Each structure stands twice: as C-alpha cells, then as structure tokens.
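Chemist: Starting off with a structure, shown below.
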Amino acid sequence: MRVIGISLELVNAADDVRYIESFGSTRSVNVGVAAGIAMYEWVRQNVINA
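Going by our numbering, the first residue of the sequence shown is number -19, and it counts up by one from there.
Next comes the structure, spelled out in structure tokens:
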C-alpha cells in the first residue's frame, strides 16, 4: 500500500485503513474531501440501504 503524508507508525497503529481511489492526475485529496467521501460512503451503505 502506498501512503503519502501519513507515517507508517500511524498506519500500523490504526484499527482500519481505507484507500480512496483517484483517477487522472489527482495525486491526493485534502482531509476535508476525504472525510466527505468517507461519510458519504457510510451513509450509502448504512442509511440509504437500511
């Protein structure tokens, strides 16, 4: 797994690690965008399909 901006120590300490795929020339997303993507996906899986 390629991790940029997060130390391997933090990755190893985490209970779970998620990867957000990106297409095109985007190298990274900021933490606000990443949080929005994660929350949208949680709602999609846990609320909309409930």
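Positions of the beta carbon are idealized from the N, C-alpha and C atoms, including for glycine. Since the model is a prediction, treat every value here as computed from it, not as a measurement.
Reducing DSSP to helix, strand and coil, say where residue 15 ends up.
Modeler: It is helical.
Chemist: What do you reckon, are the CB atoms on residue 28 and residue 17 nearer than 7 Å?
Modeler: No, the pair does not count as a contact, with Cβ atoms beyond the cut-off.
Chemist: Tell me the rounded alpha-carbon separation between residue 9 and residue 15.
Modeler: The alpha-carbon atoms of residue 9 and residue 15 are separated by roughly 10 Å.
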